Each structure stands twice: as C-alpha cells, then as structure tokens.
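Trainee: In my numbering, the protein residues as written are 53 to 322. C-beta: ideal position from N, C-alpha, C; glycine also. Keep in mind it's a predicted model, so treat the numbers as computed, not measured.
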C-alpha cells in the first residue's frame, strides 16, 4: 500500500515539474516574442523616417536606409537564435501561438526593407534563411501562415510610404508604382484566404490601404492635369498642399484623442 502511494506521489511530482517547465518556457517565449515585436516596429519606424528625410547626394539613398534597417534586424534574428533549443521539432507547434505575433512583425519589417531595396516581395526561402545559423540550418521551420500574414501587413507600410513621400521628387511616380504593387499583392493573397486563418481580416485592411493610395494618386493626377507647369514646380505645390492637409489632420487627431481620453469609456490597457 505504501509503495503504491509513493509511486502515485512520484508520478504527480513529475507531472507538476513538467507543467512548471511548460509555463516557464511559455513565459520566456512570450517575452522574446514581445522583444522581437518591439525591435521590428523600431526598424519599420527607422525605415519610414529615413526614407522621408530630405534626400542627400547618395545615388541610391534607399540602399543606405535598408542597410541600417538590416543591421537592426540582426538583433531580432539573435533573439530567435536563443529559442532554438526551446522549440525543437514538434515542440515548436506546441508554442506556436506564443511566438507567432513577433514572427509576423519581423516578417513585416524584413519585407518592407526588402521592397525598398528590390521593389519585390521577400520570398519564403529568404525569410527562412534569415532565421538560420551560419551553416544554413533553420532555428525552426517557418510556418507558411505566418509568412503570408506578415507579408500582408507589409501593404500597410507601403501605403504609409507612398503617401508620406508623395510630395518628394519622384514621389508621384513611386506612389503609382506602390499602388500597382499593393493591388497585385491583394489579388494574389486572395487565393489563400480559404486556407489561412486571419488572412481574410488582413485582406480587409489591405483593401483599405489600397483605397487610400488610389485616392492619393487619383487626386495628384487630377490636380496635376490642371497645371501646365514644370514637374519641379508641381512638386512644390503638392508639398505645400500636403503640408497644410497634414497640419489640419494632426490638429483634429489631437483634439479627437483628447476627447477620447476625457471620456468615461477610455481604457488605457491594450
């Protein structure tokens, strides 16, 4: 009787230890995923800020910006190298939900940098290689769902990139190129919506981003046809108009945020 009781207690002790290890591992992965998310967001902000700065004498300033972004992304890659042993083999899928948000944000940042450099979508193989060691061995198998969802988020950054830089020299042409690119992305991603959970929601956001780019490009084309002036002068007029619009929008946004914060239903927690 005593031996049976001891064996039961021992079994439950092993279960308790296994559960404790599971929760500790999950917390570590969630923290790393949050760190990866924050670093990736900083890279995206860096790319936007650098691309909208006044151009210098560089022959291709986007390459300089992308190099800075890729250097920061190495910090994210180092984080994923740390969890290699934590998510070996089938264990990765056990903790997939813990690492998925940070992984998608990383793909978004990497995809945005890749577009600025090459004007194309980053391939699955390139993303997987960036999450591999020096011998090309992956830290874990990149889920295709996370790859597609991360790429879908890139369209939102392209919308901001196109609109924020539309007043710069060459910005009108670039905005039209981005518009065509995002439109093609939306059409291509539509084929995967029945198979990838959450992609339909991402597609709705992509549609909104595409509409904003189309509205901006349409307005520029229509306004441009009204002026029979050199392109440089037209760029100045567009820059002045966008500056006035941005100031008005920013003021309204601040007032709106203040009204929200004064409301009883405002919740500061996310």
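Of the choices 87, 74, 170, whose alpha-carbon is the least far from that of residue 134?
Mentor: Here residue 134 refers to the residue found at position 82 of the chain shown. Here the closest residue by C-alpha is 87.
Trainee: Buried or exposed: where does residue 241 fall if 16 or more other Cβ atoms within 10 Å of its Cβ makes it buried?
Mentor: Here residue 241 corresponds to residue number 189 of the chain shown, with the count starting at 1. The residue is buried, with at least 16 neighbouring Cβ atoms inside 10 Å.
Trainee: What is the rounded straight-line gap between the Cα of residue 301 and the Cα of residue 250?
Mentor: Looking up residue 301 in the chain shown gives position 249. Looking up residue 250 in the chain shown gives position 198. Note that residue 301 scores 45 on pLDDT, short of 50, meaning its location in the model is unreliable; the coordinates nonetheless yield the value given after this. Cα to Cα, the separation comes out at about 31 Å.
Trainee: If contact is defined by three or more beta carbon pairs under 8 Å, each pair taking one atom from either stretch, is the region 184-198 in contact with the region 215-229?
Mentor: no
Trainee: Using DSSP with H/G/I as helix, E/B as strand and the rest coil, what is residue 190?
Mentor: As a first step, residue 190 is located in the chain shown; it is residue number 138 there, counting from the start. The answer is strand: DSSP assigns residue 190 an E or B state.
Trainee: Going by beta-carbon coordinates alone, are residue 144 and residue 96 separated by less than 7 Å?
Mentor: Counting from one through the chain shown, the residue named residue 144 turns up at place 92. Counting from one through the chain shown, the residue named residue 96 turns up at place 44. No, the pair does not count as a contact, with Cβ atoms beyond the cut-off.
Trainee: State yes or no: is the C-beta of residue 128 within less than 7 Å of the C-beta of residue 99?
Mentor: What you label residue 128 is simply residue 76 of the chain shown in a count that begins at 1. What you label residue 99 is simply residue 47 of the chain shown in a count that begins at 1. Annotated as distal: residue 128 and residue 99, with beta-carbon spacing of 7 Å or more.
Trainee: Hey, would you say residue 259 sits closer than 7 Å to residue 153, going by beta carbons?
Mentor: Here residue 259 is taken as the residue at index 207 of the chain shown, counted from 1. Here residue 153 is taken as the residue at index 101 of the chain shown, counted from 1. Their beta carbons are not under 7 Å apart, which means residue 259 does not touch residue 153 by this criterion.
Trainee: Please list, in chain order, all residues of the same chain as residue 156 whose beta carbon is under 8 Å from its beta carbon, the five residues on each side excluded.
Mentor: Within the chain shown, the letter at position 104 stands for residue 156. Cβ contact annotation for residue 156 (same chain, cutoff 8 Å, sequence separation greater than five): 198, 201, 202, 205, in chain order.
Trainee: Can you tell me whether residue 167 is buried or exposed? The criterion is at least 16 other CB atoms within 10 Å of its CB, across all chains shown.
Mentor: As a working note, residue 167 is residue 115 in the chain shown. Per the 10 Å Cβ criterion, buried.
Trainee: Give the straight-line distance between the Cα atoms of residue 76 and residue 141, rounded to the nearest whole angstrom.
Mentor: Taking the first residue of the chain shown as position 1, residue 76 is located at position 24. Taking the first residue of the chain shown as position 1, residue 141 is located at position 89. So the two alpha carbons sit approximately 19 Å from each other.
Trainee: Once you ignore the five residues that flank residue 59 on each side, which residues in its own chain have a CB closer than 6 Å to its CB?
Mentor: In the chain shown, counting from the first residue as 1, residue 59 sits at position 7. There are no such residues.
Trainee: Which partner residues of residue 59 appear in the DSSP bridge assignment?
Mentor: For this step, residue 59 is matched to residue 7 along the chain shown. None; residue 59 has no bridge partner.
Trainee: Would you tell me roughly how many angstroms separate the C-alpha atoms of residue 171 and residue 244, rounded to the nearest one?
Mentor: Within the chain shown, numbered from 1, the residue matching residue 171 stands at position 119. Within the chain shown, numbered from 1, the residue matching residue 244 stands at position 192. Residue 171 and residue 244: Cα-Cα distance of roughly 22 Å.
Trainee: Should residue 271 go down as buried or exposed, given a rule of 16 or more other Cβ atoms within 10 Å for buried?
Mentor: Locating residue 271 in the chain shown gives position 219, where the first residue counts as 1. Exposed: under 16 other Cβ atoms inside 10 Å.
Trainee: Could you check if residue 67 is buried or exposed, using at least 16 other CB atoms within 10 Å of its CB as the buried criterion?
Mentor: Your numbering for residue 67 matches position 15 in the chain shown. By the neighbour-count definition (other C-beta atoms within 10 Å, threshold 16), residue 67 is an exposed residue.
Trainee: Would you mind giving the Cβ-Cβ distance between residue 146 and residue 195, rounded to the nearest angstrom? I have them listed as a contact below 8 Å.
Mentor: One-based indexing of the chain shown puts residue 146 at position 94. One-based indexing of the chain shown puts residue 195 at position 143. That belief does not hold up - the Cβ atoms of residue 146 and residue 195 are roughly 13 Å apart, past 8 Å.
Trainee: Residues bridged to residue 175 by DSSP?
Mentor: By 1-based counting over the chain shown, the position of residue 175 is 123. DSSP, once it has assigned bridges, lists no residue as partnering residue 175.
Trainee: At the level of alpha carbons, what is the spacing between residue 217 and residue 78?
Mentor: Residue numbering aside, residue 217 sits at position 165 when the chain shown is read from its first letter. Residue numbering aside, residue 78 sits at position 26 when the chain shown is read from its first letter. Going from the Cα of residue 217 to the Cα of residue 78 covers about 41 Å.
Trainee: Contact check, residue 162 vs residue 182 under 8 Å by CB: the rounded distance?
Mentor: As a first step, residue 162 is located in the chain shown; it is residue number 110 there, counting from the start. As a first step, residue 182 is located in the chain shown; it is residue number 130 there, counting from the start. In this structure, residue 162 and residue 182 form a Cβ contact; the two beta carbons are roughly 6 Å apart against a cut-off of 8 Å.
Trainee: Short check: CB of residue 239 to CB of residue 269, under 7 Å?
Mentor: As a working note, residue 239 is residue 187 in the chain shown. As a working note, residue 269 is residue 217 in the chain shown. Against a cut-off of 7 Å, the Cβ pair of residue 269 and residue 239 comes out as no contact.
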